[in-house]
Amino acid sequence: MTRYLFVLSAFLLGLVTTSFFPTEEQIQDRFALGQRYYAANDHENCVKIFKEIEEMPNYPLLNVDRIEVRIEELVLPIRVAATYQLGNSYRNVGRTLLERSENALAEGDTSLAGRRRKEARRAFDEAKGHYGRIVDDPKAPYEVRVMAQYQIVRADFQMGNYPEAVADVEELLRRFPGSDYEEAAIYDMGWAYHYMGKYEECIATFRKLLEISHDDIKLDRATFQIAESHLALGRYDDAVRWFRRLVDKYDFSKMT
């Protein structure tokens, strides 16, 4: 019996020593490398590393789900952090491609502009997929779920998908009422309505922002857009009244 136990112990020891199980520090270092690639705008390599971490199994001697890393002020489970950074990376690619599309259009190359815009849409959709997984993960920290939902808002807004951006904001307000991103989301919603030419909804949204915001820049911008929307609707007296709020707020007599 003792001989059999010795053989079994030797077999198990050999199994462990011949299999590679990374340590917690090695996985954290791998994430840090992905972060360096991300900071250098090396999309291909940072995506490779973050996907590797996202798909990494739990090991017999190491529960990867329990490993944490820091992104700015947030301490997050490493898989959640990797998924969030995948979303950020694809969104950055989308923004770059969208800028290239606009440059090509300005130069008169409509064919190239169209191709780059399609590529940008695919990148933004990929980003939204990663963000969406975090939003729907009840085990992910609340703060990063709200952040991810707001990044979906921004992705649709930047792509010019204004009806989708409005729906994204409504989803954020429904699922995460009173969050730190509520003000920014409502601000984006107001602009989305503006770009869609839905001036009544634009007015209502910016008036809601006036009720909750303490940001002077946003307050002035909201007031101005309310006035502009009344002007677009032909309500000239209302437009003058809202423009007057800005005039009365500042002493222009001291300007030279």
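Convert by adding 379 to the 1-based position in the sequence shown; the result is the number in the numbering used here.
Glycine residues also receive a C-beta, built at the ideal position from the N, C-alpha and C atoms.
Chain-order list of residues whose beta-carbon lies under 6 Å from that of residue i (same chain, five-residue window excluded)
i      : result
Asp535 : Glu543, Ala544 and Asp547
Phe555 : Val525
Val443 : Met435 and Asn437
Leu384 : With a pLDDT of only 45 at Leu384, under 50, the local geometry of the prediction cannot be trusted, and the value read off the model is given with reservation. If we look at Leu384 and ignore the five residues flanking it on each side, it has no Cβ neighbours.
His509 : Thr462, Leu465 and Gly466
Ser592 : Glu562 and Leu598
His422 : Ser468 and Val472
Ala575 : Residue 575 is actually Met in this sequence, not Ala. So the list reads Tyr541, once near-sequence residues are dropped.
Tyr560 : Val525 and Tyr529
Contact belief for residue i with residue j at Cβ below 8 Å, rounded distance in angstroms
i      : j      : result
Ser480 : Arg470 : Ser480 to Arg470, Cβ: 15 Å. No contact.
Leu441 : Phe410 : About 14 Å; that fails the 8 Å criterion.
Gly569 : Ala601 : 7 Å
Phe603 : Leu589 : Actually they are not in contact, since the Cβ atoms of Phe603 and Leu589 sit about 12 Å apart, beyond 8 Å.
When the options are compared against residue i, the one with the closest alpha-carbon
i      : options                           : result
Arg586 : Arg409, Met575, Ile565 and Tyr574 : Ile565
Ala519 : Gln530, Tyr463, Arg624 and Lys597 : Tyr463
Asp504 : Tyr574, Gly576, Phe603 and Arg533 : Arg533
Ile582 : Leu552, Asp488 and Trp621         : Trp621
Val472 : Asp408, Thr489, Glu451 and Ala506 : Ala506
Glu579 : Leu610, Ile450, Thr489 and Ala502 : Leu610
Tyr499 : Glu403, Arg624 and Gly539         : As written in the sequence, residue 499 is Ala, which differs from the Tyr given in the question. Answer by Cα proximity: Gly539.
Glu433 : Val459, Leu491, Leu588 and Pro439 : Val459
Glu636 : Ala606, Ile605, Ala571 and Pro439 : Coverage of the chain is limited to positions 380 through 635, which leaves residue 636 absent and any answer about it impossible.
Thr584 : Tyr615, Ile605, Ile457 and Lys628 : Ile605
Gln537 : Leu552, Leu551, Glu550 and Asp567 : Asp567
Ala502 : Ala485, Asp594, Leu491 and Ile531 : Ile531
Leu612 : Ala483, Lys577 and Asp594         : Lys577
Own chain partners of residue i with C-beta closer than 8 Å, once the 5 adjacent residues on each side are dropped
i      : result
Leu412 : Ile428
Ser388 : Caution is warranted here: a pLDDT of 47 is assigned to Ser388, below 50, making its placement in the model unreliable, and the coordinate value is therefore given only provisionally. Closer than 8 Å at the Cβ level, and outside the excluded window around Ser388, lies no residue.
Beta-bridge pairing of residue i - partner residues as DSSP gives them
i      : result
Leu441 : Tyr438
Arg524 : Per DSSP, none; premise fails for Arg524.
Ile450 : Leu453
Own chain, CB closer than 7 Å to residue i, minus 5 neighbours either side, in chain order
i      : result
Glu455 : The question names Glu, yet the displayed sequence has Leu at residue 455. Within the same chain, Leu455 has close Cβ partners Glu447, Val448, Pro520 and Val523.
Lys497 : none
Ala418 : none
Closer than 8 Å is the cut-off here; do at least three beta carbon pairs connect the region 510 to 526 with the region 474 to 492? no
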